[in-house]
Amino acid sequence: MTSRLRGELTVHQDPAALSAVTSRLRSAGHPVVLVPTMGALHAGHRALIRAAQAVPGARTMVSIYLNPLQFGSRHDLDRYPRSFDADLALCCEEGVELVFAPSVAAMSPPGSDTTVTPGPIGAQLEGASRAGHFAAVLTVVAKLFGIVAPDRALFGEKDYQQLVLVQRMVADLRMDVQVLGVPTVREADGLALSSRNVHLDAEARVAAVALSAALSAGARVGVQGHDAVLAAAGEVLARQPAVELDYLALRNPQLGPAPRQGPARLLLAATVGTTRLIDNVGLRLGADSNGRGAP
Ligand code: PAF
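The sequence shown runs 1 to 295 under my numbering.
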């Protein structure tokens, strides 16, 4: 089946049919903005969709594809929440007209062996704990770009390393698409929205607030420099025994070594209860524009 109509929404499953649709849209002068997702849509995805819908004259294409190759184990894949009907309802509410929901067979037909290998940053941070993860992410994103040929693609800053690596891929492989990040959406207490948050029990949900609290504590002392940022964030995490830290790292915005002074990114990953969570924040290191706080 190529497409199904749900109200104003058309769900395409066949890559070739979808390519024909987006090609017609571009010919008619409508930029195509892709919001790639794995489903289990929440308010963070809603923010991505709203950013796409705000592009003048554009048509938003939401892809819903649970890419099995980017999961470290069958257990992780099975545990990932699935809510296809609710996802379509959310898309309808946001006025999305096009959803691409291909099958695994359509995205990875037998014999499609070519993959994208990320540069060295793909083996660091998340990549150090999840071997092959970013190769699988970049490969599926490259396929989506090939099928949809979007003018723009929007990614959440919550998965900051993913955003940086997709931007690198597009630059290095000269892909003709603009990749933009959309700020992380948070609960009132600071917890970054994630499809995985459904796995937090009451105790873990309380403990998980330590992640964003640690990032805020680090960002607050940015003017005091690198060591102060890591110490402040580390102190908050150390006070919460239910948080098992994987990494806490300070980098430059492209994820190379942190500068002594200037824009930087503080990133962390931790297991809380049974759930691995990631989060990050942008900050400035060293003196502010008035010269205060120079280390
Ligand atoms: O961030 C995600 O949901 C996924 O990694 C993506 C970009 C849709 C690729 O499967």
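Every residue gets a Cβ at the ideal spot worked out from N, C-alpha and C, and that includes glycine.
Should residue i be counted as a contact of the ligand PAF given a C-beta to heavy atom distance under 7 angstroms?
| i | result |
| --- | --- |
| Asp99 | It should be pointed out that residue 99 corresponds to Val in this sequence rather than to Asp. Not under cutoff, so the answer is no. |
| Met38 | yes |
| Asn280 | no |
| Val137 | yes |
| Asp159 | yes |
| Val140 | yes |
| Gln178 | no |
| Leu167 | According to the sequence as given, residue 167 is Gln; it is not Leu. No. |
| Asn310 | The requested residue 310 is not part of the displayed model; the chain covers only 1 to 295. |
| Gln13 | no |
| Asn67 | yes |
| Gln162 | yes |
| Gln70 | yes |
Please classify residue i: is it buried, with 16 or more other beta-carbons within 10 angstroms of its beta-carbon, or exposed?
| i | result |
| --- | --- |
| Leu173 | exposed |
| Val116 | buried |
| Leu277 | buried |
| Thr37 | buried |
| Thr114 | exposed |
| Ala258 | buried |
| Ala43 | exposed |
| Val141 | buried |
| Gly146 | exposed |
| Ala171 | exposed |
| His45 | buried |
| Gly29 | exposed |
| Val198 | exposed |
Helix, strand or coil, according to DSSP, for residue i in the structure here?
| i | result |
| --- | --- |
| Arg155 | Note on residue identity: the sequence assigns Phe, not Arg, to residue 155. Strand. |
| Arg24 | helix |
| Tyr247 | strand |
| Phe71 | coil |
| Ser55 | It is Val, not Ser, that sits at residue 55 in the sequence shown. In this structure, Val55 counts as coil in the three-state DSSP scheme. |
| Pro295 | In this predicted model, Pro295 has a pLDDT of only 42, less than 50, meaning its place in the structure is not dependable enough to derive any value. |
| Gly273 | coil |
| Met1 | With a pLDDT of 44 at Met1, under the threshold of 50, the predicted position of this residue should be treated as unreliable, and no value is reported. |
Output needed for residue i: all residues of its chain with C-beta closer than 8 angstroms, excluding positions within five of it in sequence on either side, in chain order.
| i | result |
| --- | --- |
| Arg260 | Gly225, His226, Leu285, Gly286 and Pro295 |
Using a Cβ-Cβ cutoff of less than 7 angstroms, which residues in the same chain neighbour residue i once the five nearest sequence positions on both sides are dropped?
| i | result |
| --- | --- |
| Val221 | Ala228, Val229 and Ala232 |
| Tyr48 | In the sequence as presented, Tyr is not what sits at residue 48; that position holds Leu. Contacts found: Val35, Leu154, Gly156 and Val182. |
| Leu165 | Pro118, Ile121, Gly122, Phe134 and Leu138 |
| Val209 | Asp189, Gly190 and Leu191 |
| Gln53 | Thr60, Glu94 and Gly95 |
Suppose the cutoff is 6 angstroms on Cβ atoms and the five residues either side in sequence are ignored; what does the same chain contact list for residue i look like?
| i | result |
| --- | --- |
| Pro253 | Pro263 and Arg265 |
Ignoring anything shorter than 4 residues, give me the alpha helix (DSSP H) runs that lie fully in the segment 120 to 147, in order along the chain. Runs found: 126 to 129.
Enumerate, from N- to C-terminal direction, the unbroken alpha helix (DSSP H) stretches of 4 or more residues contained entirely within the segment 177 to 229. 202 to 220
Would you list, in sequence order, the uninterrupted alpha helix (DSSP H) runs of no fewer than 4 residues that lie entirely inside the segment 81 to 105? 84 to 93
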